[in-house]
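Take a look at the structure below.
Protein chains: 2
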Amino acid sequence: MSIRSAILGYLEWRPATGYELKKLFAEAAPFHWSGNNNQVYGALLELHRDGAVGLEVVPQDKRPARKVYTITDPGRAELSAWLREEAGLPEIRADFHARLAWSAALPPPELEALISAYEERLAGAALILRERERRGGDRPARSSRERLIWTALAENRLAAMEHELAWARRLRAGLRGL
Amino acid sequence: MSIRSAILGYLEWRPATGYELKKLFAEAAPFHWSGNNNQVYGALLELHRDGAVGLEVVPQDKRPARKVYTITDPGRAELSAWLREEAGLPEIRADFHARLAWSAALPPPELEALISAYEERLAGAALILRERERRGGDRPARSSRERLIWTALAENRLAAMEHELAWARRLRAGLRGL
DNA sequence: CAAAGCATGTAAGCAGTTACATGATTGT
DNA sequence: ACAATCATGTAACTGCTTACATGCTTTG
Chain A
-6 MSIRSAILGY LEWRPATGYE LKKLFAEAAP FHWSGNNNQV YGALLELHRD
44 GAVGLEVVPQ DKRPARKVYT ITDPGRAELS AWLREEAGLP EIRADFHARL
94 AWSAALPPPE LEALISAYEE RLAGAALILR ERERRGGDRP ARSSRERLIW
144 TALAENRLAA MEHELAWARR LRAGLRGL
Chain B
-6 MSIRSAILGY LEWRPATGYE LKKLFAEAAP FHWSGNNNQV YGALLELHRD
44 GAVGLEVVPQ DKRPARKVYT ITDPGRAELS AWLREEAGLP EIRADFHARL
94 AWSAALPPPE LEALISAYEE RLAGAALILR ERERRGGDRP ARSSRERLIW
144 TALAENRLAA MEHELAWARR LRAGLRGL
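Here the protein sequences come in this chain order: A and B. Just so you know, we're using this note's numbering here: the first sequence kicks off at -6 and counts up by one. Just so you know, we're using this note's numbering here: the second sequence kicks off at -6 and counts up by one.
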């Protein structure tokens, strides 16, 4: 579970509950995880069992108690080791590409419509990202380096989408030109 | 199993054995699957059970018999439905980004070294892709449309890598400039 | 003589997803 | 009145991965 390490990173920034973590993973630029409950709550249990995080239970009335997790020294050591791991190449899973590969036999107008629809979804997603970025959001900024990194990560994601969009448009134009 | 549909796409191009399919998935641009045995052979069994592919066993001496799979009409129908499915957005899983997000506290030279190493791996992978593309390889080209699509897909993958590389370089320069 | 390629398959497991389950509070 | 937010968790499942198992042939 590699979300495990990312959780440690967050907790090194500040203590948090499972709920907060899952929002981070679902929303923040650099994380590809959906932030589903099973993974986050499961990983926290495991981290706690392993002594990588501490736990304070804060009772609330009319709501489940908040379980606030904090990183421990062993947790920091694990995080530090993870940060230095060799980086793998980015993996891009674009279902649409797999489909395109076998789509040449579709009627031309239909293929064009499929690509157009893809462009629209990309444009929509880019808009949402840009808006989210504009509003800033709650992200770590403990130093100018950290600010720079998070800004770069957000830009990266947006640029990737825009490149994909431009590519799809060129492809559609190219197909029409045949 | 969505590799299932991609297999149908290949078989609609030409009959093939599991071994050939697994090579395609491991090597060809538009497919993100590793082409591991379990998935390919498993999917073929399933497709055969479902009547989406036919099977001809060609005995060989001194080697296991080749099991040559062919697409059937129900298989073609399934493929056609898949091609028209709504395209999801590309998912990018870049472990390195997740690590970067929490790396601001690393000693600057170490962070720089990590980014450099990432750049080198990207450059290496791009070189391999470019070389593979130059040599052409065995890909479908039943029409100018199909040729165009496969070329575009290969370009897309290469461009994505080069954008990532350029981004990493800019980031490293930016960090140094602080 | 070793490595890569051809050719099939199985076993075990990890990571991640959606959906289920509960229930009060706040905002539209 | 309905949806979203806060807050915990569980169940069932899919997709994908590495490693194991076998064994001959071709290439370097």
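Glycine included, each C-beta is placed from N, C-alpha and C at the ideal position.
Taking one beta carbon from each stretch, the segment 16 to 34 of chain A and the segment 108 to 121 of chain B have fewer than 3 pairs nearer than 8 Å; the two do not touch. In this structure, DSSP gives residue 44/B a state outside helix and strand, which the three-state scheme calls coil.
Under the Cβ criterion of 7 Å, residue 81/B is counted among the residues facing chain A. Following the DSSP letters along the chain, one finds residue 84/B inside the beta strand (DSSP E) bounded by residues 84 to 86. The continuous alpha helix (DSSP H) containing residue 144/A extends over residues 137 to 169. Contact between the segment 99 to 111 of chain A and the segment 1 to 20 of chain A is absent: fewer than 3 CB-CB pairs across the two stretches fall below 8 Å. With fewer than 16 other Cβ atoms inside 10 Å of its own Cβ, residue 56/A counts as exposed.
In terms of Cα proximity to residue 105/A, the closest of 59/B, 76/B, 97/B and 96/B is 76/B. DSSP places residue 55/A in the coil class of the three-state scheme, outside both helix and strand. Under the three-state reduction of DSSP output, residue 9/B falls in the strand class. Secondary structure of residue 78/A (DSSP, three-state): coil. By a beta-carbon distance limit of 8 Å, residue -4/A does not contact residue 58/A. Their separation comes to about 23 Å. The beta carbons of residue 69/B and residue 13/B sit about 19 Å from each other, so the pair does not count as a contact at 8 Å.
Taking a beta-carbon distance threshold of 7 Å, residue 130/A does not count as an interface residue toward chain B. Pairing residue 132/A with residue 143/A gives a Cβ-Cβ distance under 7 Å. At a cut-off of 7 Å between beta-carbon atoms, residue 2/A makes contact with chain B. Interface flag for residue 64/A against chain B is unset, since no Cβ pair is found closer than 7 Å. Ranked by Cα distance from residue 23/B, the first of 151/B, 168/B and 167/B is 151/B. Shown here for residue 92/B: not one same chain residue has a beta carbon closer than 6 Å to its own, the five before and five after excluded.
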